[in-house]
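Worksheet for the structure shown next.
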Amino acid sequence: MNESAIMDRHPMVCLRVRSERQAMDWSLALASQGIEVILDRGPGSSGWVLWLEPEDHGRALGVIRQYCRENRGWPWQRELFWPGALFHWGALLWCWLLVVVHWLAEAGSGRVEALGTMASAAFAGGEWWRLITAVGLHADVAHLAANAATGMVVFGLAMARFGAGWAMLAGLVAGAVGNWARWGVHSGPYVGLGASGMVMGGLGLLAAQMVFLLWEERRAFRQVASGVLGGVLLFVLVGLNPASDVVAHTAGFGVGLVEGVLLGRLQAGGRLGGRWDRIAGVTAIGLYAGAWVLAVAVGGAR
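Under this note's numbering, residues 13 to 314 are what the sequence shown spells out, in order.
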């Protein structure tokens with residue numbers, strides 16, 4: 013219904029708004045208080061207006077003022093840069109890889125673990141690749157199932173957000189740094205293994221996925237803070253179990269946070285997708301496969 017038709021029918025009060033989105037928000041707020049409004053294009057289609065009965069004008073202004081006051085901290089909106097996919101089923105391939113590696117380790121009667129676990133003495137002796145090979149090994153089926161189940165959800169989301177290649181490379185780096193951090197903290201000899209540091213790195217990716225937006229828009233602080241806080245609370249819930257490797261988990265999560273900020277920034281500039289994601293994926297596979305080649309070569313030479 014246009015403006016002239018409305019005015020011919022009945023004298024009404026006009027409220028002008030800045031955008032269609034604001035018109036929709038205000039009309040919903042008014043309707044929730046029983047105030048009938050008509051949403052319409054302004055004169056000459058120059059904008060949007062709300063029409064309401066004259067007797068409702070004062071109450072409507074009060075409702076709108078209250079609505080603006082309650083939503084004052086959330087005015088900022090912008091277009092996001094990540095794909096529309098919510099979950100990437102490539103995470104199933106990662107889970108399948110963990111299963112295959114565990115099966116090979118079980119079939120090898122302890123030989124695979126001897127070559128690939130994060131043995132502190134061997135690492136101190138120069139076998140740096142154990143930082144990476146240990147990520148794919150697990151003590152038993154329960155250990156494997158816990159990491160695979162959590163990791164499938166985390167990396168399914170992270171792959172959809174950043175791309176499969178980048179998510180896997182970032183997670184692998186976070187897992188390796190987590191293993192290195194544990195070695196740096198523990199003074200005595202130990203043997204470590206498991207993908208939990210990598211999974212915590214993926215969680216860090218998701219928690220920090222919007223921090224880069226603060227560089228361009230300071231008003232996004234509350235939106236970003238709520239997302240980061242949610243990720244941190246989830247990390248506390250699943251990553252700080254005293255019976256688990258808290259040091260590796262914390263380091264992996266911290267690295268994931270940094271990676272999430274950097275990758276988000278690169279993605280905003282259009283520098284993550286396409287061939288770059290494929291290159292990142294090939295790099296992740298090459299690092300993991302190369303680490304095992306070194307492990308087998310050095311172990312076989314003994």
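We put the beta carbon where it would ideally sit given N, CA and C, even for glycine.
Rounded separation between residue i and residue j - CA only
i: R53; j: V267; result: 50 Å
i: L62; j: V25; result: 8 Å
i: S199; j: S132; result: 9 Å
i: H261; j: F135; result: 19 Å
i: W108; j: A176; result: 15 Å
i: G239; j: R277; result: 16 Å
i: M164; j: A296; result: 17 Å
i: L275; j: F174; result: 7 Å
i: A292; j: E118; result: 30 Å
i: D68; j: V49; result: 10 Å
i: L284; j: R123; result: 39 Å
i: R77; j: E32; result: 18 Å
i: L252; j: L42; result: 47 Å
i: A152; j: S208; result: Note that residue 152 corresponds to Asp in the displayed sequence, not to Ala. The alpha-carbon atoms of D152 and S208 are separated by roughly 14 Å.
i: R71; j: R290; result: 58 Å
i: L269; j: V248; result: 14 Å
i: G102; j: N159; result: 16 Å
i: V203; j: V185; result: 19 Å
i: W195; j: L217; result: 23 Å
i: L105; j: M212; result: 18 Å
i: V29; j: G59; result: 7 Å
i: D37; j: L51; result: 11 Å
i: G298; j: V305; result: 10 Å
i: W288; j: P254; result: 39 Å
i: D257; j: G120; result: 25 Å
i: G137; j: G282; result: 42 Å
i: Q45; j: V75; result: 8 Å
i: A154; j: G286; result: 37 Å
i: M130; j: R81; result: 55 Å
Sequence-distant residues of the same chain with beta carbon closer than 6 Å to residue i, five excluded per side
i: G214; result: V166, F167, A170 and G183
i: A303; result: W141, I144 and T145
i: P201; result: S132 and A133
i: I47; result: D68 and A72
i: L79; result: Looking at the sequence shown, residue 79 is not Leu but Tyr. Same-chain partners within the cutoff: A41.
C-beta atoms of residue i and residue j nearer than 8 Å
i: L181; j: A307; result: no
i: G243; j: A219; result: yes
i: H100; j: A172; result: yes
i: G205; j: L143; result: The sequence given here places Leu at residue 205; Gly does not occur at that position. Not a contact, by the Cβ cut-off of 8 Å.
i: E197; j: V259; result: One point to set straight first is that residue 197 is Val, not Glu, in the sequence displayed. Taking 8 Å as the Cβ cut-off, V197 and V259 qualify as a contacting pair.
i: G187; j: G264; result: yes
Secondary structure of residue i, DSSP reduced to three states
i: M222; result: coil
i: W63; result: strand
i: L51; result: strand
i: L149; result: coil
i: M171; result: helix
i: M212; result: helix
i: R361; result: The structure shown does not extend to residue 361, since the chain is modelled only from 13 to 314, so the question has no answer here.
i: L116; result: helix
i: A292; result: helix
i: M24; result: coil
i: G204; result: strand
i: A131; result: strand
Short CB-CB distance (under 8 Å) between residue i and chain D
i: N159; result: The question asks about chain D, but that chain is absent: this structure has only one protein chain.
Nearest to residue i (by Cα), restricted to the options the options
i: A193; options: S44, M210 and W178; result: M210
i: A83; options: L116, H69 and Q34; result: Looking at the sequence shown, residue 83 is not Ala but Asn. Comparing Cα positions, the closest option is Q34.
i: V294; options: W178, A280, G102 and Q279; result: W178
i: L27; options: L73, T129 and F247; result: L73
i: Q156; options: W115, V75, A255 and S44; result: Checking the sequence shown, residue 156 turns out to be Leu, not Gln. Nearest option by C-alpha distance: W115.
i: A301; options: S44, L64 and V113; result: V113
Residues near residue i by beta carbon distance below 7 Å, same chain, minus five either side
i: V236; result: M222, V223, L225 and L226
i: V310; result: E139
Nonlocal neighbours in the same chain, by C-beta distance under 8 Å from residue i, ignoring five residues either side
i: L98; result: L169 and A172
i: A246; result: Looking at the sequence shown, residue 246 is not Ala but Leu. Excluding sequence neighbours, L246 sits near L215 and A219.
i: L110; result: G148, H150, L156, N159, A160, G163 and A207
i: S39; result: V49, L51 and L62
i: L64; result: M24, V25, L27, L42, I47, E48, V49, I50 and A72
Residue i Cβ short of 7 Å to the ligand PLP heavy atom set
i: A237; result: As presented, the structure is devoid of all ligands, the ligand PLP included, so that no description of it is given.
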